[in-house]
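Each remark here refers to the structure printed beneath this line.
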Amino acid sequence: MSDQSPKPAHVYAAQRDWPNYFNRVAGKPPRETLVRALDAFEADGGPDAASGAPPLSVDLGCGEGRDTVELLRRGWRVVAIDGHPDALRRLRERELPHPDRLEIRHEPFEGLVLPRARFVNASFSLPFCPPEHFAALWATIVGVVEPGGRFAGQFFGDRDDWADIPDRSHQTRAEAEGLLSGFDIEYFHEEEDDGKDALDNPKHWHRFDVVAVKRPRGTGA
Ligand SMILES: C[S@@+](CC[C@H](N)C(=O)[O-])C[C@H]1O[C@@H](n2cnc3c(N)ncnc32)[C@H](O)[C@@H]1O
């Protein structure tokens, strides 16, 4: 007899139990894609090479702030955005380098308006944008990243365990590459394995880890 009951990772993901997630990731280091992007900016001459002032980054779906803290530590101004109040409460309670350089916004991805930014970081957050809003959100991100600026983050793949949850946005590899057509790709790593979710439930992961540089206007797609 086949077991039709949902798998635990699937149940957890469908519920969007963010406070439990924030508990599990508290104190973890910044994401690898964020660090790669920051290292690349520093290799370019530093985050403020273009303007001489601390440049602006957006941390989209910032959660409890593992990447936001690193952005501040490495000299960025940060607009940190999340749809869950508990994320932002935890972020406010952290010891923050240069708290004067942080703006916290409690807003959903749906209908988001973003400032022009040198860097948009979206670690493990874009898949949680409902599919009917994803195209507009991605167009907004592409539109606000300055030429020569970067996007870093994840797209979740079509073979990921969570791909069939109705309010999720997952992409095939070709679709993920297509989203990056206005960028030069610096890092694109397809990860697919049987692992665990943040609550240690077994989960099949399929995702694309990305760092990409926005092309100057008029070059490429
Ligand atoms: C998997 S967590 C990632 C958090 C953090 N970036 C990290 O790497 O740990 C996804 C985050 O996206 C936020 N989120 C999910 N759906 C959202 C939505 N529709 N609008 C705004 N934020 C949302 C959640 O509150 C959560 O903080």
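Heads up: take any position in the sequence shown, counting from 1, add 27, and you land on the working numbering.
Even glycine gets a Cβ: it sits at the ideal position worked out from N, Cα and C.
Notebook entry, point to check: Less than 7 Å between the CB of residue 111 and some heavy atom of ligand 1, yes or no?
Noted result: Looking up residue 111 in the sequence shown gives position 84. Relative to ligand 1, residue 111 has its C-beta within less than 7 Å of a heavy atom.
Notebook entry, point to check: When every heavy atom of ligand 1 is checked, does at least one fall within less than 7 Å of the C-beta of residue 88?
Noted result: What you label residue 88 is simply residue 61 of the sequence shown in a count that begins at 1. The closest heavy atom of ligand 1 lies less than 7 Å from the beta carbon of residue 88.
Check: Between 69, 70, 66 and 134, which lies nearest to residue 87 when the distance is taken from Cα to Cα?
Finding: Taking the sequence shown and counting its residues from 1, one reaches residue 87 at position 60. Minimum Cα distance to residue 87 is reached at 134.
Checklist line | Backbone CA spacing between residue 117 and residue 149 [nearest angstrom] | finding: Working through the sequence shown from its first residue, we reach residue 117 at position 90. Working through the sequence shown from its first residue, we reach residue 149 at position 122. Cα-Cα distance, rounded: 18 Å.
Check: DSSP three-state call for residue 120: helix, strand or coil?
Finding: For this step, residue 120 is matched to residue 93 along the sequence shown. Looking at residue 120 - three-state DSSP - the assignment turns out to be helix.
Check: Does the Cβ of residue 56 lie closer than 7 Å to at least one heavy atom of ligand 1?
Finding: Residue numbering aside, residue 56 sits at position 29 when the sequence shown is read from its first letter. For ligand 1, not one heavy atom lies less than 7 Å from the Cβ of residue 56.
Next item on the list: Give the DSSP bridge partners of residue 205, in chain order.
Entry: Against the sequence shown, residue 205 aligns to sequence position 178. Its beta-bridge partners do not exist; DSSP assigns none.
Next item on the list: Report the partner residues of residue 236 according to the DSSP bridge assignment.
Entry: For the purposes of this step, residue 236 is taken as residue 209 along the sequence shown, with counting starting at 1. Answer is 181 and 216, bridged to residue 236.
Note to self: What I want to know is whether the C-beta of residue 178 ends up closer than 7 Å to one or more non-hydrogen atoms of ligand 1.
What the structure shows: The residue labelled residue 178 in the question sits at position 151 within the sequence shown. For residue 178, the shortest C-beta to heavy atom distance toward ligand 1 is 7 Å or greater.
Next item on the list: Could you check the C-alpha separation between residue 56 and residue 92 for me, to the nearest Å?
Entry: As a working note, residue 56 is residue 29 in the sequence shown. As a working note, residue 92 is residue 65 in the sequence shown. Distance from the CA atom of residue 56 to the CA atom of residue 92, rounded to whole angstroms, is 10 Å.
Check: Are there 16 or more other CB atoms within 10 angstroms of the CB of residue 66, so buried, or fewer, so exposed?
Finding: Counting from one through the sequence shown, the residue named residue 66 turns up at place 39. Exposed: under 16 other Cβ atoms inside 10 Å.
Margin query: Let me confirm a value: residue 174 is counted as buried when at least 16 other C-beta atoms fall within 10 Å, else exposed. Which label applies?
Written below: Within the sequence shown, numbered from 1, the residue matching residue 174 stands at position 147. Looking at its Cβ environment, which holds fewer than 16 other Cβ atoms inside 10 Å, residue 174 is exposed.
Note to self: So residue 45 and residue 113 are supposed to be a Cβ contact under 8 Å. How far apart are they, rounded?
What the structure shows: Taking the sequence shown and counting its residues from 1, one reaches residue 45 at position 18. Taking the sequence shown and counting its residues from 1, one reaches residue 113 at position 86. Confirmed, Cβ separation roughly 6 Å.
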